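K.L.:
Per my numbering, the sequence shown starts with residue 16, numbered consecutively. Below is the structure I would like to discuss, written out as structure tokens.
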Amino acid sequence: MSIVNADLAHLSPKDPDWWRQSVVYQIYPRSFADANGDGLGDLRGIISRVPYLQSLGIDAVWLSPFYPSPLADGGYDVADYRDVDPRIGTLEEFDELVAALHLAGIRLVVDIVPNHSSDQHPWFQQALAAGRGSAERDRYIFREGLGADGELPPSDWVAAFGGPRWTRVDDGQWYLGSFTKEQADFNWNNPDVREDFLTTLRFWADRGVDGFRVDVAHFLVKDLPDELPSWEEIWKLDLNSGTHPLQDRDEVHEVYRQWRQVLNEYDPPRSAVAETFVTPDRRAKYASPDGLGQAFNFDLLMADFDATQFRQVISTNLDLVASSGSSSTWVLSNHDVTRHPTRYGLPPLDGRDVKQGVEWIQAGAPADGIDLDLGSRRARAATMLMLALPGSAYLYQGEELGLHEVGDIPAEHRQDPAFFRGGKNDGLGRDGSRVPLPWTTTGASFGFGEAIAHIPQPTWFSGVSVEAEEADPASSLALYRDALRLRRELHTEEKLEWLDDLSGDTVLAFARPGGWVNVTNFGAEPVALPDAEVLLTSSPLQDGLLSGAATAWLRA
Ligand code: GLC
């Protein structure tokens, strides 16, 4: 397969609004394709698969961190924000990747991780060397400990992936690491930190990057009182006040206003999307045009496969973006959660966190309590519904193959800090969605590379490899390709009209401008479709009826 010179008709290179309704495909670079045969995915691997990305029909790639990193958290522990991890490539290869994607008509969004750096970042090492009270230490959040000799942490706070949030250094001070001790939180009240991230944004924007995904965007600015509240007390404080000591403080928007000015220096302006876990009304601030412009909405991902829940999530989010001037983001899978075919094969969440899904899978085989086939059918239906919504859709590598979560990764091959530190809600951790992709039916790593992959792949990956699915017109890959091609043809204004006479407790139907109709059957029994041209279905029709757990696209 080679790159077809891009048909740019569907996207104008200077369009400032290109992100509003784009399909963005997330690449977790160390698990996508390994060109140099060392078991770790690399930039050359991605370059070699640009024709595949083009044939899929996506509009943009979001590249998870590819920076130098000790990999304490899958690359979200960055040791140098303006370079490429030598194990996976070089800056020259990065430039080649940008060029290859652009030639194929695909834009590139890179991940930026501003809340914390790796403890191996030169600034953190300088902070350790310079000692207490120094300008170097002020770039991070250092505190004296409690107890007679400061031997106790400044507070009893727990890190996101388990273990204490404070770590003691040799001279006795403690620093804050919200996720792991290898990820030290920056002090965003320090001007060096603010300035350096502007330099980083310009560095990548100058290299042709089209946009940025901002990691834990609501965490940056903190305000820690002299006397720290206990962990129990801190979660009783109002998270929506804009004055919580640890997250979603109103001042964070000053940072993003400054970022927006830099992003707007480019033509077209560089896009940005915030990863936030805040309430929907607080989310709108991150998505405002003088802020980042767009914010992730994980509500669909948190919902059960349920018509009422889906309708409520969709309505709320469309109302919200109408008020902020942004466009909605939709996502069903990413590198942090159990893949959606697996989630949908489980009993309803019933308040359980989505991340706990992996606990239900044992030894890679369908365990009690999980129906993999039902999960797959629901996933196809939910994906088609998502792709029919106004706004942008984020896909995660491998979901086009219908991959299930891999449950049986031996402990010695796991990498996620959440697994080792017993972080709450993380169960087996996130490695099961980060297993390197299968490209071929055979080979040491099913075409991922020449060597065994850095996280072992299960034998069933052969049957869900790109090669296997390309030979099967009923495969998940074929469905994604058809759906993405049709979406490009049918997509118009960002509007949706519910079709109430077709909808009910188990059916959701809506129309987009131009006669594009989506009907999703969330129930088990087949339902009749209105009299219209059937363009695509997620499962074959049954005697002309839409089967249970299926979606149809129609042209009215
Ligand atoms: C975000 C990332 C996640 C990472 C965390 C800390 O939530 O998506 O993978 O572990 O931030 O950087």
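Quick reminder that beta carbons are idealized off the backbone N, C-alpha and C, glycines included. Since the structure is predicted, the reported quantities are computational estimates derived from the model, not experimental observations.
(1) Grab the span of the alpha helix (DSSP H) containing W138 for me, first residue to last.
(2) So, at 6 Å on beta carbons, what are the nonlocal neighbours of D431 in its own chain, with the 5 sequence-adjacent residues on each side left out?
(3) Taking the alpha-carbon of A120 as reference, which of L143, D74, L261, P83 has the nearest alpha-carbon?
(4) With F461 as the anchor, note down where its alpha helix (DSSP H) starts and where it stops.
(5) Using DSSP with H/G/I as helix, E/B as strand and the rest coil, what is D22?
(6) Taking the C-alpha atoms as reference points, what is the distance between L335 and P363?
(7) Taking 8 Å as the cut-off, decide whether the C-beta atoms of N312 and N332 are in contact.
(8) Under 7 Å: does the beta carbon of F194 sit that close to some heavy atom of the ligand GLC?
(9) By DSSP, does W274 sit in helix, in strand, or in coil?
(10) So, under 8 Å CB-CB, A175 and S132 are touching, yes? Tell me the CB distance rounded to an integer number of Å.
(11) Does at least one heavy atom of the ligand GLC sit under 7 Å from the Cβ of D134?
(12) Quick test of the definition: if touching needs 3 or more C-beta pairs under 8 Å, does the stretch 113-130 touch the stretch 53-69?
(13) If you measure between the beta carbons of L400 and L511, is that distance less than 8 Å?
(14) Write down the C-beta distance between V549 and L523 rounded to the nearest angstrom, noting that I regard them as a contact closer than 8 Å.
(15) Is Q324 helix, strand or coil by DSSP?
(16) Count Cβ pairs between the stretch 226-237 and the stretch 290-300 that sit closer than 8 Å; are there 3 or more?
(17) Please name the residue or residues paired with D32 in a DSSP beta bridge.
(18) Can you name, in chain order, every residue of its own chain whose Cβ lies under 6 Å from the Cβ of L316, other than the five neighbours on each side?
(19) Relative to the C-alpha of W241, which candidate in D558, R158, T474 has its C-alpha closest?
(20) Between which two residues does the alpha helix (DSSP H) containing T566 stretch?
(21) For the stretch 41-60 against the stretch 450-466, are there 3 or more C-beta pairs whose distance is under 8 Å?
(22) Nearest by alpha-carbon distance to L123: which of R264, P83, P28, W203 is it?
(23) If you run the structure through DSSP and keep just helix, strand and coil, what is Y495?
(24) Run the proximity test for Y91: is its beta-carbon closer than 7 Å to any non-hydrogen atom belonging to the ligand GLC?
(25) Does the stretch 496-508 come close enough to the stretch 458-470 to have 3 or more Cβ pairs within less than 8 Å?
(26) Label K251 either buried or exposed according to how many other C-beta atoms from any shown protein chain fall within 10 Å of its C-beta, with 16 as the threshold for buried.
(27) Using 7 Å as the cut-off, classify the Cβ of V231 as near or not near the heavy atoms of the ligand GLC, replying yes or no.
(28) Mind reading off the beta-carbon distance from V542 to L560? Whole number of angstroms is fine, and I expect it under 8 Å.
(29) According to DSSP, is L452 helix, strand or coil?
P.N.:
For this structure:
(1) The residue given as residue 138 occupies position 123 in the sequence shown. Start and end: 137-145.
(2) Working through the sequence shown from its first residue, we reach residue 431 at position 416. Once the five neighbours on either side are set aside, the close Cβ partners of D431 are G444, R445, D446.
(3) Position 105 of the sequence shown, counted from the first residue, corresponds to residue 120. Rather than Ala, the amino acid found at residue 120 in this sequence is Gly. G120 has its Cα closest to that of D74, out of L143, D74, L261, P83.
(4) Position 446 of the sequence shown, counted from the start, is the residue given in the question as residue 461. Note, F461: premise wrong, no alpha helix (DSSP H); not H, not E.
(5) Position 7 of the sequence shown holds residue 22. Per-residue confidence for D22 stands at a pLDDT of 47, beneath the threshold of 50, marking its modelled position as unreliable; the derived number appears in the next sentence. Residue state, collapsed to three classes: coil.
(6) Residue numbering aside, residue 335 sits at position 320 when the sequence shown is read from its first letter. Residue numbering aside, residue 363 sits at position 348 when the sequence shown is read from its first letter. Between L335 and P363, the C-alpha separation is close to 26 Å.
(7) Along the sequence shown, one-based indexing puts residue 312 at 297. Along the sequence shown, one-based indexing puts residue 332 at 317. For N312 and N332, yes; Cβs fall inside 8 Å.
(8) Locating residue 194 in the sequence shown gives position 179, counting from the first residue. Remark: the C-beta of F194 is in contact range of the ligand GLC, defined as less than 7 Å to any heavy atom.
(9) Sequence index remark: in the sequence shown, residue 274 carries index 259 (1-based). Annotated three-state conformation of W274 is helix, per DSSP.
(10) Within the sequence shown, numbered from 1, the residue matching residue 175 stands at position 160. Within the sequence shown, numbered from 1, the residue matching residue 132 stands at position 117. Approximately 16 Å separates the beta-carbon atoms of A175 and S132; this is outside 8 Å, ruling out the contact.
(11) As a working note, residue 134 is residue 119 in the sequence shown. Not so, every heavy atom of the ligand GLC lies at least 7 Å from the Cβ.
(12) With a cut-off of 8 Å on Cβ pairs, the stretch 113-130 is in contact with the stretch 53-69, counting three or more such pairs.
(13) As a working note, residue 400 is residue 385 in the sequence shown. As a working note, residue 511 is residue 496 in the sequence shown. No, the Cβ-Cβ distance between L400 and L511 is not below 8 Å.
(14) Reading the sequence shown from its first residue, position 534 is the one you call residue 549. Reading the sequence shown from its first residue, position 508 is the one you call residue 523. Rounded, the Cβ-Cβ distance is 17 Å, inconsistent with contact.
(15) Mapped onto the sequence shown, residue 324 falls at position 309. In the three-state DSSP reduction, Q324 falls in the helix class (H, G or I).
(16) The way I'd put it, the stretch 226-237 does touch the stretch 290-300; three or more beta-carbon pairs between them come closer than 8 Å.
(17) As a working mapping, residue 32 is identified with position 17 in the sequence shown. In the DSSP output, where bridge partners are listed per residue, D32 has none listed.
(18) Against the sequence shown, residue 316 aligns to sequence position 301. The beta carbon of L316 lies closer than 6 Å to those of V346, L347 in the same chain, with the five residues before and after it left out.
(19) Taking the sequence shown and counting its residues from 1, one reaches residue 241 at position 226. It is Asp, not Trp, that sits at residue 241 in the sequence shown. Of the residues D558, R158, T474, the one whose Cα lies closest to the Cα of D241 is R158.
(20) Position 551 of the sequence shown, counted from the first residue, corresponds to residue 566. Per DSSP, T566 lies in no alpha helix (DSSP H); the unbroken beta strand (DSSP E) holding it starts and ends at 565-570.
(21) With the cut-off at 8 Å, the stretch 41-60 and the stretch 450-466 touch.
(22) Taking the first residue of the sequence shown as position 1, residue 123 is located at position 108. The candidate whose alpha carbon is nearest that of L123 is P28.
(23) For this step, residue 495 is matched to residue 480 along the sequence shown. Look at Y495 here: in three-state DSSP terms it is helix.
(24) Counted from its first residue, the sequence shown places residue 91 at position 76. Yes, Cβ of Y91 sits closer than 7 Å to a heavy atom of the ligand GLC.
(25) Touching, no, given that fewer than three Cβ pairs across the two stretches are closer than 8 Å.
(26) In the sequence shown, the residue the question calls residue 251 occupies position 236. The residue in question, K251, is exposed, as its Cβ has fewer than 16 Cβ neighbours within 10 Å.
(27) Locating residue 231 in the sequence shown gives position 216, where the first residue counts as 1. The answer is yes for V231.
(28) Numbered from its first residue, the sequence shown carries residue 542 at position 527. Numbered from its first residue, the sequence shown carries residue 560 at position 545. Confirmed, about 6 Å.
(29) Locating residue 452 in the sequence shown gives position 437, where the first residue counts as 1. Annotated three-state conformation of L452 is coil, per DSSP.
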